[in-house]
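First the structure, in the form of structure tokens, and then the observations on it.
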Amino acid sequence: MTSLTERYLAAALRGIPEAQRADVERELRSSIADAVEDRLTAGEDRAEAETAVLEGLGDPVRLAAGLAGRPLYLIGPGLFVEYRQLLIMLLSVVIPIVGIVLAGVSLWGGEDLVGAIVDGVGGAWNTAIHLAFWVTVAFVLVERVDAMREARDEITGAHGHWTVDRLPALPASRVTAGETVGEVVTTLISIGGILFLNGASWFRDASGDVIGLFNPEVWGFWMPVLIAVLVAIAGLQIVIFLVGRWTIPLAFANTALQVAFTAPFAALALSGSLFNPEFADALGWPPLADGNGPVTLSIVAGAVLVTIWEIFDGFRRARRADTTIAGIGAPGKAL
Amino acid sequence: MVDDELLGTHRQELRRGTLVLASLLALRAPEYGYALLKRLEIAGLPSDGNTIYPLLRRLEERGLLVSEWNTDDTRPRKFYRTSPAGDELAKQLMTDMTELTASLRALNGGPDR
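Chains as they are written, first to last, in our numbering: chain A, 2 to 336; chain B, 11 to 123.
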């Protein structure tokens, strides 16, 4: 046998459990020899025949997986549904709790609000990574380790047969009054919050005037613009309620308004002209007004993420409403 | 005209479903892996080494085949033979196969035709 066959065998046998290795090697070796011999009889030269036979057997890793009865995937279809459900459930329950608790602890320990939020988000993120990693490792082990076959059967069995009771409810495509009121109130609270944050007398200067949170230069022109955009967003919510559902044009209008708010907001924040430097000084924490400071970057990142979600949500609901109306019989398409 | 690739895929799928039955039937007379491959090919059921060799091991593991090394020949060969349990399974599958063919024939010659 030449080095090609030896290399093929070595590559294949690496994936075979010790106990079967000798037996598999002997069988593979004779099978390859038989096949090569057949081709030699048919008039091919040795090198050509050997290459053709080995290539016919295909990737040795794949062949070894087949011979050893090992899967070529990390988590197979038998466990995938449970894996996904568990992961989503854990993440959606544990992560917010961890974030809030960490932020609370940090606040209690004397950190300011922004620092506490940074701690909470950072801690939640780390926890999410760990959680996802270890849950995945556990499922991969259950899937692949023979000794865990029983555990695997139990997990699959406990989930049992699917029944119609598990069907999710039809997605509500119609925008309800409550939903609209909620959205409008949220937008109005944002406007009120901006006005309150700027006007509240946290600090006063030497002459007794209130030092605003936002940069006065920006306050003069940009704040009215941003507030006008927020009012327009509230107006759009009412329009959507009157139309009855999200549509693609409404989703585009929503996109335009969201961008009209976030783009100038982020630009102002990043250029360092959103917050009032005097306010930052009075607070005793100048980095607050720094365009590249941690606060600004967190706020901008948060605003961008929320905007992306809002835009995406608009299109998602428009599409969902479309499919629900177009195919009452096929609600599965809605997702 | 059916697309060749599509035809190939479905043909392969159809044959893969009958490969266990074909192997159990063929191995009622003991044979080693490569010879079985040749035999199936001659019988009109071509397959690949990377399908057959894993399949033989799986069937042996489940007690449907028994194996024995034969070292009398020019090179050692692992001979597989259908076990009584394998033979029983083959009989049932063969009945099913006959019924399937009949069902398909009925569908093919049904009232719409």
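We put the beta carbon where it would ideally sit given N, CA and C, even for glycine.
Contact set between residue i and chain A, taken where Cβ atoms lie within less than 7 Å
i             : result
residue 82(B) : Chain A residues near residue 82(B): none, gap ~13 Å exceeds 7 Å.
residue 58(B) : 57
residue 85(B) : 31, 34
Assigned secondary structure, residue i (DSSP; H/G/I helix, E/B strand, else coil)
i              : result
residue 41(B)  : strand
residue 116(B) : helix
residue 92(B)  : strand
residue 266(A) : helix
residue 335(A) : Only weak support is given to the placement of residue 335(A): the predicted model assigns it a pLDDT of 40, under 50, and the value that follows is read from those uncertain coordinates. Residue state, collapsed to three classes: helix.
residue 204(A) : coil
residue 74(A)  : coil
residue 321(A) : helix
residue 293(A) : coil
residue 146(A) : coil
residue 239(A) : helix
residue 20(B)  : helix
residue 32(A)  : helix
residue 45(A)  : coil
residue 141(A) : helix
residue 118(A) : helix
residue 64(B)  : helix
residue 198(A) : helix
Chain B residues whose Cβ lies nearer than 8 Å to that of residue i
i             : result
residue 70(A) : 64, 67, 68, 71
Same chain, Cβ closer than 7 Å to residue i, five either side skipped, listed in chain order
i              : result
residue 10(A)  : 26, 29, 30
residue 117(A) : 104, 107, 108
residue 119(A) : 295, 299
residue 86(A)  : none
residue 88(A)  : 133, 136
residue 291(A) : 273, 297
residue 316(A) : 252
residue 141(A) : 75, 76
residue 38(B)  : 92, 97
residue 18(B)  : none
Neighbouring residues, chain A, relative to residue i (Cβ below 8 Å)
i             : result
residue 43(B) : 28, 32
Chain B contact residues for residue i, given Cβ-Cβ distances below 7 Å
i             : result
residue 67(A) : 60, 64
residue 64(A) : 60
Beta-bridge partners of residue i, as assigned by DSSP
i              : result
residue 75(B)  : 92(B)
residue 87(B)  : 80(B)
residue 211(A) : 205(A)
residue 276(A) : 215(A)
Residues near residue i by beta carbon distance below 6 Å, same chain, minus five either side
i              : result
residue 123(B) : For residue 123(B), the pLDDT reaches just 49, beneath the cut-off of 50, and the residue's location in the model is therefore unreliable, leaving the point undetermined.
residue 69(B)  : 75
residue 336(A) : Confidence at residue 336(A) is low in this model, with a pLDDT of 40, below 50, so its placement is unreliable and the value that follows should be read with caution. Excluding positions up to five away in sequence, the list is empty.
residue 50(A)  : 37, 40, 41
residue 121(A) : 100, 103, 104
residue 184(A) : 238
residue 188(A) : 231, 234, 235
residue 59(A)  : none
Same chain, Cβ closer than 8 Å to residue i, five either side skipped, listed in chain order
i              : result
residue 66(A)  : 16, 72, 73
residue 92(A)  : 129, 132, 133
residue 226(A) : 265
residue 287(A) : 278, 281
residue 49(B)  : 36, 41
residue 53(B)  : 32, 36
residue 311(A) : 255, 259
residue 218(A) : 274
residue 178(A) : 242
heavy atom of the ligand SAH below 7 Å from residue i C-beta
i             : result
residue 20(B) : Although the ligand SAH was asked about, the structure shown includes no ligands whatsoever.
Short CB-CB distance (under 8 Å) between residue i and chain D
i              : result
residue 107(A) : Given the protein chain composition of this structure (A and B), no chain D is represented.
Worksheet entry | Where the stretch 93 to 104 of chain B meets chain A: residues whose CB sits under 8 Å from a CB there | Under the 8 Å Cβ criterion, the stretch 93 to 104 of chain B contributes no residue.
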